[in-house]
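Trainee:
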C-alpha cells in the first residue's frame, strides 16, 4: 500500500488471495502515459517485499509465500461498478492477468525454470482439451512476473529498449533493456526476457516448440538483472528484427 503511489497504481479489489491493481492513463496527461512500465515497477516492488518477508519467515520457522504476477494491457476505457462509493473496475484484462499469474499444478514441482521464474509450454496435439482455464498453454509462474504481448507492445512505446543477448545456464537468452520514469521522475531500469515456448507431452521431457512462439517475463530486482542492464549499456544494441 505504501509503494503504490510511486508508480501511480491503485487497488481495484482484493478477492481471496488475489490482489488486483490498476494503472490508468488519462487523455489530458500524455506525459504520464507509462502505465505498463510503472505496472512492471510495482510488480518488482511486490516481489521485493515478499522475498524480504520470506527471508524472515525462514529464520523464524514460518511458512514462506509463493506468488505469481501477471501484467496485461487493455487500450479500451475501463468500466466501473460501485460498491457504495468504492469503484470496482470491470475489464477483460483482469481475467487475462489471472491466467498469466497462475502456475499449472503439472509444472509446479517438476518444471526446471533455470535462473528464471516464468515459463510456458504448449500442449501437444490431442492434449488441448486438457488445458487449464481454457488455455492451450501450461504456465509456470512462481515468484515471477509474466507480461502479455499487448503489454509488451505498449511498453515499447514507453521505453527506448536495447535488445541484448546473454547466456544463462549455458543457454542464450534474449533481453530487452531500458529505463522509465516513476511518478516522481526517478529513472528506473527494466529488463524483459523473451522466452521460447516449449512443448509439453505427458511422461516426457519438455522440448522447444517448433512454431517460434514466445512469452515474456519481467525480471525482478536481482543481481542478474542488474548485470544484464549494465552489460547492455556497455555494448552496442542489436538491430531489431
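In the working numbering, the protein residues as written are 442 to 682.
Just so you know, even glycine gets a beta-carbon here, dropped at the ideal spot from N, CA and C.
Compute the Euclidean distance between the alpha carbons of residue 580 and residue 533, then round it to the nearest angstrom.
Mentor: Going from the Cα of residue 580 to the Cα of residue 533 covers about 19 Å.
Trainee: The beta strand (DSSP E) with residue 605 in it runs from where to where?
Mentor: Its beta strand (DSSP E) spans residues 603 to 609.
Trainee: With residue 670 as the anchor, note down where its alpha helix (DSSP H) starts and where it stops.
Mentor: Run containing residue 670: 664 to 675, per the alpha helix (DSSP H) assignment.
Trainee: Determine the direct distance from the alpha carbon of residue 600 to that of residue 673, and round the result to whole angstroms.
Mentor: Answer to the nearest angstrom: the Cα atoms are 14 Å apart.
Trainee: Quick check on residue 521: buried or exposed, where buried means 16 or more other Cβ atoms within 10 Å of its Cβ?
Mentor: Under this definition residue 521 is an exposed residue.
Trainee: What is the DSSP secondary structure of residue 504, counted as helix, strand or coil?
Mentor: If DSSP states are grouped into helix, strand and coil, residue 504 belongs with coil.
Trainee: If you scan the segment 460 to 519 from start to end, which runs of the alpha helix (DSSP H) of 4 or more residues do you find wholly inside it?
Mentor: Entirely contained in the segment 460 to 519, the alpha helix (DSSP H) runs reaching 4 residues are, in chain order, 476 to 501.
Trainee: To which residues of the same chain is residue 588 closer than 6 Å at the C-beta, ignoring the five residues directly before and after it?
Mentor: Result list for residue 588: 512, 657 and 659, in chain order.
Trainee: Counting along the chain, where does the alpha helix (DSSP H) carrying residue 536 start and finish?
Mentor: Run containing residue 536: 533 to 542, per the alpha helix (DSSP H) assignment.
Trainee: Among 458, 448 and 605, which one has its Cα closest to the Cα of residue 626?
Mentor: For the residues 458, 448 and 605, the minimum Cα distance to residue 626 belongs to 448.
Trainee: Taking C-alpha atoms, which residue in 517, 609, 638 and 607 lies nearest to residue 595?
Mentor: Of the listed residues, the one whose Cα sits closest to residue 595 is 517.
Trainee: How many angstroms separate the CA atom of residue 468 from the CA atom of residue 483?
Mentor: Distance between the alpha carbons of residue 468 and residue 483 is about 22 Å.
Trainee: With residue 615 as the anchor, note down where its beta strand (DSSP E) starts and where it stops.
Mentor: Taken as a continuous stretch (DSSP letters only), the beta strand (DSSP E) holding residue 615 covers 612 to 622.
Trainee: Which of the three DSSP states is assigned to residue 548 in this structure?
Mentor: Looking at residue 548 - three-state DSSP - the assignment turns out to be coil, as it is neither helix nor strand.
Trainee: Could you please give me the residues that DSSP links to residue 689 through a beta bridge?
Mentor: There is simply no residue 689 to check, as the chain begins at 442 and stops at 682 in what is shown.
Trainee: Answer yes or no: do residue 615 and residue 606 have a C-beta to C-beta separation smaller than 7 Å?
Mentor: Their beta carbons are under 7 Å apart, which means residue 615 touches residue 606 by this criterion.
Trainee: If you drop the 5 nearest sequence neighbours on each side, which residues of the same chain put their C-beta closer than 8 Å to that of residue 636?
Mentor: Closer than 8 Å at Cβ, skipping near neighbours: 557, 559, 560, 561, 614, 655, 656, 657 and 658.
Trainee: How big is the Cα-Cα spacing for residue 485 and residue 525?
Mentor: The straight-line gap from Cα to Cα measures roughly 32 Å.
Trainee: Quick check: what's the CA-CA separation for residue 508 versus residue 542?
Mentor: Looking at the two C-alpha atoms, the distance is approximately 8 Å.
Trainee: Exposed or buried, what is residue 661 when buried is set at 16 or more other beta-carbons lying within 10 Å of its beta-carbon?
Mentor: Burial call: buried.
Trainee: Thinking just about the alpha-carbon of each residue, which of 564, 454 and 515 is nearest to the one in residue 638?
Mentor: The shortest C-alpha separation from residue 638 is found at 564.
Trainee: Just to check my reading of the structure: residue 555 and residue 610 have Cβ atoms closer than 8 Å, yes? What is that Cβ distance to the nearest angstrom?
Mentor: Right, the Cβ-Cβ distance comes to about 5 Å (below 8 Å), so this counts as a contact.
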